[in-house]
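Counting from 1 along the sequence shown, just add 142 to a position and that's the residue number in this note's numbering.
Report on one structure; see the data block that follows.
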Amino acid sequence: MTEASFTADNAPASQPSPTSPTPAPVSAKEEAVDTVRFLALLAIAVLIFRSFFLSPFNIPSESMQPRLLIGDYLLVNKMAYGYSKYSLPFSVPLIPGRIFARTPERGDVVVFKAPPVADNDYIKRVIGLPGDSVQVRDGIVWLNGAPVKRETMPDFVIPVTANMIEASRATGTLPCYSPEFEEVVNGQRQCRYKQFRETLPGGKSYAILDITTIPEDNTPLVVVPEGHLFLMGDNRDRSADSRFPAIENQGIGLVPEKNLVGHALVGMFSTDGSASWFNPISWFTAARWSRIGDGF
Numbered sequence: 143m144t145e146a147s148f149t150a151d152n153a154p155a156s157q158p159s160p161t162s163p164t165p166a167p168v169s170a171k172e173e174a175v176d177t178v179r180f181l182a183l184l185a186i187a188v189l190i191f192r193s194f195f196l197s198p199f200n201i202p203s204e205s206m207q208p209r210l211l212i213g214d215y216l217l218v219n220k221m222a223y224g225y226s227k228y229s230l231p232f233s234v235p236l237i238p239g240r241i242f243a244r245t246p247e248r249g250d251v252v253v254f255k256a257p258p259v260a261d262n263d264y265i266k267r268v269i270g271l272p273g274d275s276v277q278v279r280d281g282i283v284w285l286n287g288a289p290v291k292r293e294t295m296p297d298f299v300i301p302v303t304a305n306m307i308e309a310s311r312a313t314g315t316l317p318c319y320s321p322e323f324e325e326v327v328n329g330q331r332q333c334r335y336k337q338f339r340e341t342l343p344g345g346k347s348y349a350i351l352d353i354t355t356i357p358e359d360n361t362p363l364v365v366v367p368e369g370h371l372f373l374m375g376d377n378r379d380r381s382a383d384s385r386f387p388a389i390e391n392q393g394i395g396l397v398p399e400k401n402l403v404g405h406a407l408v409g410m411f412s413t414d415g416s417a418s419w420f421n422p423i424s425w426f427t428a429a430r431w432s433r434i435g436d437g438f
């Protein structure tokens, strides 16, 4: 028989193709372990990012008006001035002293832990650097023997919002500080304040409020010691800043540079406090969209 006469019956039987093993089903316990592992790694990544790069900060008071309003949410650059234990959550003492240190510039808006307790974050503007002499005379800041330039601006007008009312109740004050600064226009309560533009020697310019007379409109001459900063709020009559001694809830005194947390970078959200969890539409109407993206 020739090779051509072979039939299918004479052909060798075909071998069955090997089948892939069926993977064993993942148990519910293994899925739970994987989920917990993922969430733990995500939490660690977020913690590292917030500790060393960018961190959120919200404005709870009027001390930095007109630049910052109650209900503003900022991103803070944690890399700007170096790191200390105050850069870490709960001020965990894992960083000895201060590393990668850099002194702020006059006019910077900084977040820091306020002495003497150094538990809470505060936000103020840098006025005096180490070696500077600072004094306030009749409400005018004198820096190194010369008055800081100040020019009159149009009044600052702001509507009375829900979060302003809530903050005033917590502090036992009025939303507009005093009845003389409140007015009603078209049924809307609003505050009207005197506003000025202050320009520091390096050229940094910003708006401030100076609406009345307080004892701290006149202060002794202070020479800022090495490693410290003289900080002030832009709302000069509603800011417990370096003009006041470092007493909890009364003032911050001269702030050590090691207490710095970071530099205010950009506004990422702002709300007037009128939103309700049960009304999703109010989440949008309460937002102050024009304030989002404002840089420093």
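Using N, Cα and C, we set each Cβ at its ideal position, and we do this for glycine too.
What does a CB cutoff of less than 7 Å around residue i pick up in its chain, not counting 5 residues either side in sequence?
i: Val365; result: Ser275
i: Thr361; result: Gln277, Val278, Arg385
i: Ser424; result: Ser416, Ala417, Ser418
i: Arg209; result: Tyr348, Ala349, Asp376
i: Arg380; result: Glu204, Ser205, Tyr319
Looking at residue j and residue i, is the spacing between their C-beta atoms short of 9 Å?
i: Asn219; j: Leu407; result: yes
i: Tyr319; j: Thr354; result: yes
i: Leu217; j: Ser412; result: no
i: Gly375; j: Pro387; result: no
i: Arg267; j: Gly287; result: no
i: Val397; j: Ala256; result: yes
i: Met295; j: Ala243; result: no
i: Leu271; j: Pro246; result: yes
i: Arg331; j: Asp359; result: no
Can you name, in chain order, every residue of its own chain whose Cβ lies under 8 Å from the Cβ of residue i, other than the five neighbours on each side?
i: Ile241; result: Gly224, Tyr225, Ser226
i: Asp297; result: Arg334, Tyr335, Lys336, Gln337
i: Ser310; result: Leu316, Pro317
i: Pro202; result: Ile212, Ala309
i: Phe194; result: Lys220, Met221, Tyr225, Ser229
Pop quiz: residue i and residue j are said to be a contact at Cβ under 8 Å. What is the actual Cβ separation, rounded to whole angstroms?
i: Gly435; j: Val253; result: Not confirmed; about 19 Å, so no contact.
i: Glu399; j: His370; result: 7 Å
i: Ile265; j: Val251; result: 7 Å
i: Gln207; j: Leu402; result: Not a contact, Cβ separation roughly 22 Å.
i: Asp214; j: Arg433; result: 6 Å
What does a CB cutoff of less than 6 Å around residue i pick up in its chain, not counting 5 residues either side in sequence?
i: Glu390; result: Val259
i: Gly393; result: Ala382, Phe386, Pro387
Tell me whether residue i is buried or exposed, calling it buried when 16 or more other Cβ atoms sit within 10 Å of its Cβ.
i: Ile190; result: exposed
i: Leu108; result: Look at the range of the chain in this structure, 143 to 438, and you will see that residue 108 is not part of it.
i: Asp280; result: exposed
i: Gly344; result: exposed
i: Ile269; result: buried
i: Ala428; result: buried
i: Gly314; result: exposed
i: Phe232; result: exposed
i: Phe438; result: buried
Consider the Cβ of residue i: report whether some Cβ of chain B lies at a distance smaller than 9 Å.
i: Glu340; result: Among the chains of the structure shown, chain B does not appear; only one protein chain is present.
How do the segment 303 to 318 and the segment 406 to 420 stand: do at least 3 beta-carbon pairs fall below 8 Å, yes or no?
-> Here the segment 303 to 318 makes contact with the segment 406 to 420; the two share three or more CB pairs at distances below 8 Å.
Does the segment 173 to 181 touch the segment 189 to 199, meaning 3 or more C-beta pairs lie closer than 8 Å?
-> Contact between the segment 189 to 199 and the segment 173 to 181 is absent, because fewer than three Cβ pairs lie under 8 Å.
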